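Under numbering that gives the first Met the number 0, think of the first position of the sequence shown as 0, with each following residue one higher.
Working notes, beginning with the structure itself.
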Amino acid sequence: MIITKILGGLGNQMFQYALGKYLAQKHDTELKLDVTNFNNYKLHNYDLSKLNIQNNIALIHEIEKLKSKKFFNFIKIKKQSHINEKTFTFDESILDLPDNIYLEGYWQSEKYFKSLREILLQEFSPKDKITCKNEKYLSKISSVNSVSLHVRRGDYISNPTANSVHGTCNLDYYSKSIDYIVSKIEKPEFYIFSDDHQWVKENLKYNHPMTFVNWNTKETALWDMFLMSKCKHNIIANSTFSWWGAWLNDNNDKIVIAPKKWFNSSDMSGKDLVPTEWIGL
């Protein structure tokens, strides 16, 4: 059994699930999810259940057993089955972990699960039927050279800790990203996604076709990610939410632009977070 601790917003939850899925597939064992963090966590909900995942919730005694268990390998070196992420950069040794472990961390790199892309494309699809309005715009997105553009503000602005770690992408980043897309793509049409609809309408004023996707709520935000993934190209924020929107985009010719500086904090590195084929600006 592999148990992975699920915490944070949907994007983080998907990274945590993806690594757990990789190890469970490798060992032909069951993946279970520790969702106890959401008992007292008010900022985000447990949203993985809205996707077509194997939603197996770990029981308390299963969690406690693996979090406290010790085992020995053939040379008698004591090891823990409770694995904490040591750094935000990719740790190749994680891919060689044995069965019967408890994972705790963010695991923000496709290097942990890239080989499972086809499986994750299926499992990370919405479980519910698409709403009428999102279906209407899906049709439009599919018929033009659509480019998603995501602006993450929310707790990156209101929460001092989140702001010190992440910061926000400035307008210069978005202007350069749009210029790059315009230089490469004929007649692009931009679809703007954000958790601060008023700010983007007041500040994102470009001489290109733009649609502000402002009808999905916090509870239905999954459809924003879904629509991003159906755009032909993506401009993402330093946000795992739009990271997944771009990663799930299955256009073979897609252009994905991501911020070179992912973290505001100099103590954290995003070098393994952004796939090599994406454009850093």
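The C-beta atom is built at its ideal place from N, Cα and C for all residues, glycine as well.
No experiment lies behind these values; they were computed from the predicted model shown.
1) Roughly how many angstroms separate the alpha carbons of V255 and K175, rounded to a whole number?
2) Output the distance between the C-alpha atoms of E201 and I177, rounded to the nearest integer angstrom.
3) Could you give the distance in angstroms between the alpha-carbon of K135 and the alpha-carbon of M224?
4) Assuming P97 contacts V146 under a Cβ cut-off of 8 Å, what Cβ separation, rounded to an integer in Å, is found between them?
5) Please report the distance separating the alpha-carbon of K270 from that of E218.
6) Roughly how many angstroms lie between the CA atoms of K64 and S80, to the nearest whole one?
7) Kindly indicate which three-state DSSP category H196 falls into: helix, strand or coil?
8) Using only alpha-carbon positions, find the residue among L115, C168, K229, K204 that is nearest to L22.
9) For K132, count neighbouring Cβ atoms within 10 angstroms of its own Cβ and tell me buried if that reaches 16, exposed if not.
10) Which value, in whole angstroms, describes the spacing of the CA atoms of F87 and A236?
11) In terms of alpha-carbon separation, which member of C230, H60, F189 lies closest to D345?
Straight from the coordinates:
1) 13 Å
2) 17 Å
3) 16 Å
4) Wrong, their Cβ atoms sit about 43 Å apart, outside the cutoff.
5) 31 Å
6) 9 Å
7) helix
8) L115
9) exposed
10) 18 Å
11) Residue 345 lies beyond the range of the chain shown here (0 to 280); nothing can be said about it.
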